[in-house]
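Data first, discussion second: the structure below is written as structure tokens.
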Amino acid sequence: MVVHAAELKQAAIQGLTHVTGADGLADFRAHARDTLAAVAFPDRKTEDWKYTSLKALEKDHVRVLAASTDTPALPDLGGTQVVLVNGQIPDLDSLALPAGVIAQPLSSHQDKATTDMVGPFTALNGAALSDGLLLSITAGADVDGLIHIVHVASGTQAASAHPRLVIEVGSNARVTLVEHYIGSSPILTNAVTRIDAHCNSQVTHYRLQSEGSEARHIGLLEFELARDARVTSFQFMQGCALRRNDVHAVMAESGSDLRMKGIFLARGKSHIDNHVCVEHRVPNCESDQVYKGIAGEHGRAVFNGRIHIHDGASGTNAELSNKNLLLSNTAEIDTKPELEIYNDDVKCAHGTTVGQMDATQLFYLRSRGISEIDAKRMLGTGFVNELLLAIPDDAVQAWVTPWLADALTEGL
Amino acid sequence: MLEVKDLHATVAGKEILKGLSLSVKAGEVHAIMGPNGSGKSTLANVLAGRDNYEITAGSVTFHGKALAELEPEERARLGLFLGFQYPVEIPGVSNMEFLKAALEETRAAQGKEPLDSVTLLRKAREACKQVDLDAQFLKRGVNEGFSGGEKKRNEIMQMLLLEPTLALLDETDSGLDIDALQVVAKGVNSLRSPERAIVLVTHYQRLLDYIVPDKVHVLSGGRIIKSGGKELAHELESRGYAWLTGDAAAENA
Numbered sequence: 011m012v013v014h015a016a017e018l019k020q021a022a023i024q025g026l027t028h029v030t031g032a033d034g035l036a037d038f039r040a041h042a043r044d045t046l047a048a049v050a051f052p053d054r055k056t057e058d059w060k061y062t063s064l065k066a067l068e069k070d071h072v073r074v075l076a077a078s079t080d081t082p083a084l085p086d087l088g089g090t091q092v093v094l095v096n097g098q099i100p101d102l103d104s105l106a107l108p109a110g111v112i113a114q115p116l117s118s119h120q121d122k123a124t125t126d127m128v129g130p131f132t133a134l135n136g137a138a139l140s141d142g143l144l145l146s147i148t149a150g151a152d153v154d155g156l157i158h159i160v161h162v163a164s165g166t167q168a169a170s171a172h173p174r175l176v177i178e179v180g181s182n183a184r185v186t187l188v189e190h191y192i193g194s195s196p197i198l199t200n201a202v203t204r205i206d207a208h209c210n211s212q213v214t215h216y217r218l219q220s221e222g223s224e225a226r227h228i229g230l231l232e233f234e235l236a237r238d239a240r241v242t243s244f245q246f247m248q249g250c251a252l253r254r255n256d257v258h259a260v261m262a263e264s265g266s267d268l269r270m271k272g273i274f275l276a277r278g279k280s281h282i283d284n285h286v287c288v289e290h291r292v293p294n295c296e297s298d299q300v301y302k303g304i305a306g307e308h309g310r311a312v313f314n315g316r317i318h319i320h321d322g323a324s325g326t327n328a329e330l331s332n333k334n335l336l337l338s339n340t341a342e343i344d345t346k347p348e349l350e351i352y353n354d355d356v357k358c359a360h361g362t363t364v365g366q367m368d369a370t371q372l373f374y375l376r377s378r379g380i381s382e383i384d385a386k387r388m389l390g391t392g393f394v395n396e397l398l399l400a401i402p403d404d405a406v407q408a409w410v411t412p413w414l415a416d417a418l419t420e421g422l
Numbered sequence: 003m004l005e006v007k008d009l010h011a012t013v014a015g016k017e018i019l020k021g022l023s024l025s026v027k028a029g030e031v032h033a034i035m036g037p038n039g040s041g042k043s044t045l046a047n048v049l050a051g052r053d054n055y056e057i058t059a060g061s062v063t064f065h066g067k068a069l070a071e072l073e074p075e076e077r078a079r080l081g082l083f084l085g086f087q088y089p090v091e092i093p094g095v096s097n098m099e100f101l102k103a104a105l106e107e108t109r110a111a112q113g114k115e116p117l118d119s120v121t122l123l124r125k126a127r128e129a130c131k132q133v134d135l136d137a138q139f140l141k142r143g144v145n146e147g148f149s150g151g152e153k154k155r156n157e158i159m160q161m162l163l164l165e166p167t168l169a170l171l172d173e174t175d176s177g178l179d180i181d182a183l184q185v186v187a188k189g190v191n192s193l194r195s196p197e198r199a200i201v202l203v204t205h206y207q208r209l210l211d212y213i214v215p216d217k218v219h220v221l222s223g224g225r226i227i228k229s230g231g232k233e234l235a236h237e238l239e240s241r242g243y244a245w246l247t248g249d250a251a252a253e254n255a
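So the sequences go chain by chain: H and U.
Sequential numbering of the first sequence, starting at 11, is according to our numbering.
Sequential numbering of the second sequence, starting at 3, is according to our numbering.
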């Protein structure tokens, strides 16, 4: 049964009555509940949600889960692991973190819990938040190895988890962060992550989303870059029953540099929607986005890339590219660049394409004895190869390569 | 090895081959010549199993198996190699990765031992050297940014590695300067053996100075209208095709 957006919202609000959480977030939660009451849940008429319906959500999907005690099998990338099961923050005292990394409950710093963007699901995350995780990288620290934050979706019934992660990277610090979402559960993960890169810091960020096909995931990822901060973000995302990723990056101070590279896949009947917005608010910042999408069978992928260059942001250099590959006639990819430019002294380029696997290339490979499946996998991998080769961390590359091969083989 | 009998084939629904017969035995080199649009490339593509190239009548057997029932990769594993007239560029797939997959799958199907990566790399480098191609090309995307001549040499390099029993070379000589032509011819000649056969589809008699054929066929209007020895190529060089195609038109009338 399709649940109307308004009914879903009502169910979400009703579900909050028994949610309790850390006292330190009481005001924040109350404010988020007010916001939630005031905003409408999206339906087909909501421009931002034109290609993504919430029909994969039942009323139960907005019911907040009780804490889970599951101890699932975890992927090992060789770094320091921090595990959140259904959004629940772990016992922070027992974490063995490398020098320069401090973990605190977000409730100890309520003021840091806020985000720039507040839509219905961000509000729901805040309203349902028992506690979040605040990771601080101390100024000047050069953090050893990866910080591997694993979000596990657990449970067999429709319900929701609301992880919230705030990472502050101090001035001149350097860190590599991995946000990893796993689990074969049908629950809705409604995640909010905010990364603040302070002056001259250097952040390598990975977002790995490989939950099973039954998963529902709605996520907001925010970046704010201070003076001369450099952030590189790699995003590898697999479609599921419903996946909606909003990425919002703000170039807040001059000299900051943001590179985002993403691969998204929609196979089977899966759905993935990426809304990426980069805001240049100040002069002399650079941003570069390269996203590649692959959709097969009845998969559906959406990409909306917005670059907003404010009046005062002269000397901006902003680029956006989104190329897509369709593996079948029944798959669909909708891509749309949106440029809002209020300054003449900028360089801004964008390009989007949607194409099919080249029959001549496929025949060429097969004529050399390579099976059709392998040939398609090679061409699919070849299509995104420049992004794979750009991954600076071997452990992540070693995870991404087979993930991609499996995802490409599925359904072939 | 290859028996083509009264082959009729269509390309995207249009009949191009109209009763072509050809018999190629192990150890032989055949040249198929003919004017533009006579069906030379269609024959090559039909044999290799390209989509949209459909056999509507007649039969083709290769090592005793009906080709029509085999996928392109099965034909390749059986020992058929098509050297493309226009080798396609495949950015993002490295030449080496491609060769590795091709050799692994082909050798496995032929019951041969898999090659370890050191041996594979050594053989690939040797093959490159044989066709005067810098080994750096192994790291690049398949044919990506290669010149016309480099693409053709890359085809021969692949052929040397795959060691097919039947090499079908579709205008491998066109667009090559005389030096590159000699390199390509040397590569092809090195593969000549009593167990293998080579079919050269060509426009120019020039190639046949370097790869001397046992038999020459003239293809016109989708059929072989004349066959002969290597001297036929010389006759075509001096007389052109008109004297033959004129006959064919009369025959067909």
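Ideal Cβ placement from N, Cα and C applies to all residues, glycine included.
Shown here for V29 (chain H): same chain residues with a beta carbon closer than 6 Å to its own, the five before and five after excluded, namely V74 and A138 in chain order. Using a Cβ-Cβ distance cut-off of 8 Å, the segment 76-84 of chain H and the segment 226-239 of chain H are not in contact, since fewer than three pairs of beta carbons, one from each stretch, lie closer than that value.
If you draw a straight line from the Cα of I282 (chain H) to the Cα of N334 (chain H), it comes to about 13 Å. Counting along the chain, no alpha helix (DSSP H) covers S23 (chain U); the unbroken beta strand (DSSP E) around it starts and ends at K16 to V26. Within the same chain, N145, K153, N156 and E157 come within 7 Å of P89 (chain U) by CB-CB distance, once the 5 residues on both sides are set aside. From the listed residues H:V241, H:Q120, H:A76 and H:N284, the smallest Cα separation to D58 (chain H) is found for H:N284. In summary, the residues of the segment 146-178 of chain U whose CB is separated from some CB of chain H by less than 8 Å are Q160 and L164, in the order they occur in the chain.
Judged by DSSP in its simplified three-state form, A68 (chain U) adopts strand. Among the bridge pairs identified by DSSP, D256 (chain H) is matched with H:L230 and H:H285.
Judged by DSSP in its simplified three-state form, D103 (chain H) adopts helix. I304 (chain H) is bridged by DSSP to H:L275 and H:L335.
In this structure, DSSP gives D126 (chain H) a state outside helix and strand, which the three-state scheme calls coil.
For the pair S297 (chain H) and A328 (chain H), the Cα-to-Cα distance works out to about 5 Å. Annotation: F139 (chain U) has no Cβ neighbours in chain H at a cutoff of 9 Å; minimum Cβ distance is about 16 Å.
DSSP, read as helix, strand or coil, puts H318 (chain H) in strand. A distance below 8 Å separates the beta carbons of T204 (chain U) and A33 (chain U).
Within chain U, the residues whose beta carbon sits less than 9 Å from that of L389 (chain H) are I92, G94 and V95, listed in sequence order. Interface annotation, T108 (chain U): in contact with chain H, CB-CB separation under 8 Å. In this model, G51 (chain U) and S377 (chain H) are separated by some 8 Å (Cα to Cα). Of the residues assessed, A59 (chain U) falls on the exposed side of the cut-off, its CB having fewer than 16 other CB atoms within 10 angstroms.
Take the alpha-carbon of R204 (chain H) and the one of R54 (chain H): they are about 28 Å apart. Under the three-state reduction of DSSP, L9 (chain U) is assigned to strand.
Boundaries for C209 (chain H): no beta strand (DSSP E) harbours it, and the DSSP string shows neither H nor E there.
Considering only beta carbons, the part of the segment 371-389 of chain H lying closer than 9 Å to chain U consists of Q371, L372, F373, Y374, L375, R376, S377, R378, G379, I380, S381, E382, D384, A385, M388 and L389, in chain order. DSSP, reduced to helix, strand and coil, places G136 (chain H) within a helical segment of the structure shown. Membership of Y191 (chain H) in the beta strand (DSSP E) is indicated by the continuous run R184 to I192. From the beta-carbon of N395 (chain H), the residues of chain U found nearer than 9 Å are P93, G94, V95, S96 and G143. Residue environment: N339 (chain H) is assigned as exposed (fewer than 16 neighbouring CB atoms within 10 Å of its CB, all protein chains considered). By the CB criterion at 8 Å, D33 (chain H) and S117 (chain H) fall inside the cutoff. Chain order gives no chain H residues near L69 (chain U), where near means a beta carbon separation below 9 Å; the closest approach is about 13 Å.
The Cβ of A14 (chain U) sits no closer than 8 Å to any Cβ of chain H. In the DSSP annotation of this structure, the continuous segment of the alpha helix (DSSP H) that includes D44 (chain H) starts and ends at A36 to A48. Among the CB atoms of chain U, one or more fall inside 8 Å of the CB of A369 (chain H). Assignment of Q91 (chain H) by DSSP, reduced to helix, strand and coil, places it in the strand class. Flagged as an interface residue toward chain H: A111 (chain U), by a C-beta distance shorter than 8 Å. The beta carbon of L143 (chain H) sits closer than 6 Å to the beta carbons of I99 and L175 from its chain, once the five residues preceding and following it are set aside; these are given in chain order.
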